[in-house]
Amino acid sequence: MAKKLYVGGLSYGTQDGALKDYFAQAGAVESAVVIMDKMTGRSKGFGFVEMSTEEEAQKAIEMFNGKEFDGRTITVNEARPQEDRPPRRSGGFNHGGGGGSRNW
């Protein structure tokens, strides 16, 4: 079991410090971060908490998974490594030409 936990279902108002303080009930927290949207600066509603030991991580899952935090029912489980994803296509406009012939 890993020490890093995924925490989903967070309130958009949840801050890193509150997440860390909450998980400290299960043991020593090495880090806690709420993932923010780079474009809007708003929380994406999930984060990651790293506990000091695997035992504390397991205890945190047992204590908090399915429980209420900041008015929301949260999901807590072992964080999985991010899978390789295909590169994102840049969105936006079609830069192709085409416009037919203009006779003026």
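Read in full-length UniProt numbering, the sequence shown has 15 at position 15, and its numbers run on one by one without any break.
C-beta atoms are modelled at their ideal positions from N, C-alpha and C, and glycine is treated no differently.
Straight-line gap, residue i to residue j (C-alpha atoms, nearest Å)
{"i": "Ala60", "j": "Gly27", "result": "8 Å"}
{"i": "Met51", "j": "Gly66", "result": "19 Å"}
{"i": "Arg42", "j": "Gly17", "result": "16 Å"}
{"i": "Val49", "j": "Ala24", "result": "10 Å"}
{"i": "Gln58", "j": "Phe69", "result": "18 Å"}
{"i": "Lys4", "j": "Thr40", "result": "26 Å"}
{"i": "Leu19", "j": "Glu83", "result": "25 Å"}
Exposure label - residue i; buried when at least 16 CB within 10 Å
{"i": "Lys38", "result": "exposed"}
{"i": "Thr14", "result": "buried"}
{"i": "Val34", "result": "buried"}
{"i": "Glu54", "result": "exposed"}
Cβ-based neighbour list, residue i, same chain, cut-off 6 Å, excluding 5 preceding and 5 following
{"i": "Gly8", "result": "Phe46, Thr75"}
{"i": "Met63", "result": "Ala26"}
Limits of the alpha helix (DSSP H) - the one that residue i falls within
{"i": "Lys3", "result": "Run containing Lys3: none; DSSP gives neither H nor E here."}
{"i": "Ala18", "result": "16–23"}
Endpoints, beta strand (DSSP E) assigned at residue i
{"i": "Glu55", "result": "Careful: Glu55 lies outside any beta strand (DSSP E), inside the alpha helix (DSSP H) at 54–64."}
{"i": "residue 109", "result": "Nothing can be reported for residue 109, as the shown portion of the chain is limited to 1 through 104."}
{"i": "Gly26", "result": "One detail in the question is off: residue 26 reads as Ala in this sequence, not Gly. Taken as a continuous stretch (DSSP letters only), Ala26 belongs to no beta strand (DSSP E), as it is neither H nor E."}
Beta-carbon separation (whole angstroms), residue i vs residue j, contact threshold 8 Å
{"i": "Tyr6", "j": "Asn77", "result": "6 Å"}
Same chain only: Cβ atoms within 8 Å of residue i, ignoring 5 sequence neighbours per side
{"i": "Thr73", "result": "Gly9, Gly66, Lys67"}
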